[in-house]
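K.L.:
Dumping the structure here so I can ask a few things about it.
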Amino acid sequence: MAYDPGNVFAKILRGELPCKKVYEDDHAFAFEDIHPEAKVHVLVVPKADYVSLHDFASHAPAAMVKGFFDSVTKVAAKLGLEESGYRVITNHGPDASQSVHHFHVHILGGRALGKLLP
Ligand code: DGP
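Mind the numbering: the sequence shown is residues 2 to 119 in this note's numbering, read in order.
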């Protein structure tokens, strides 16, 4: 799938759509999910155009991949989740119901999350 710059996360990154910003650095931008599924539900997106995990892991420079995942852990720490714990999820493709085709991870926490799948 080719990257579509009209996706909602690209619009958020360009400031064309509002969001509740949580964190930003050179590599990543983090904001609250519009449909939270836990007390804390934050999305972290790279500031670069990748469709999904496969695209990001295959094509992004190694320094960008490391920078992004460093940012993810910084966001979790900023949210106060480092000690209590949290879950990081990324959905790739139809069976995972990926709905926004700009690579992102979900950070979920703030309560005991239980099993991996319902
Ligand atoms: P998924 O592609 O399935 O990993 O999930 C995409 C998530 O993005 C979903 O939990 C809802 C969230 N989302 C979709 N549109 C918007 C939006 O315009 N603003 C925000 N903050 N979140 C959105």
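Every residue gets a Cβ at the ideal spot worked out from N, C-alpha and C, and that includes glycine.
Would you tell me roughly how many angstroms separate the C-alpha atoms of I108 and D26, rounded to the nearest one?
P.N.:
Numbered from its first residue, the sequence shown carries residue 108 at position 107. Numbered from its first residue, the sequence shown carries residue 26 at position 25. Whole-angstrom Cα-Cα distance: 17 Å.
K.L.:
Under 8 Å: do the segment 33-44 and the segment 75-95 share three or more Cβ pairs, one atom per stretch?
P.N.:
The segment 33-44 is in contact with the segment 75-95.
K.L.:
By Cβ distance below 8 Å, which residues in the same chain neighbour F104 in space, the five residues on each side in sequence not counted?
P.N.:
Here residue 104 corresponds to residue number 103 of the sequence shown, with the count starting at 1. Here the set comprises V46, P47, Y51, V52, S53, L54, D56, F57 and T91.
K.L.:
Taking 9 Å as the threshold (C-beta atoms), are G111 and A39 in contact?
P.N.:
Residue mapping note: residue 39 aligns to position 38 of the sequence shown, counting from 1. Residue mapping note: residue 111 aligns to position 110 of the sequence shown, counting from 1. Result yes, Cβ atoms of A39 and G111 sit closer than 9 Å.
K.L.:
If you draw a straight line from the C-alpha of N8 to the C-alpha of S100, how long is it?
P.N.:
For the purposes of this step, residue 8 is identified with residue 7 of the sequence shown, where counting begins at 1. For the purposes of this step, residue 100 is identified with residue 99 of the sequence shown, where counting begins at 1. Looking at the two C-alpha atoms, the distance is approximately 10 Å.
K.L.:
Mapping the DSSP letters down to three states, classify P95 as helix, strand or coil.
P.N.:
Walking along the sequence shown from the start, residue 95 turns up at place 94. The answer is helix: DSSP assigns P95 an H, G or I state.
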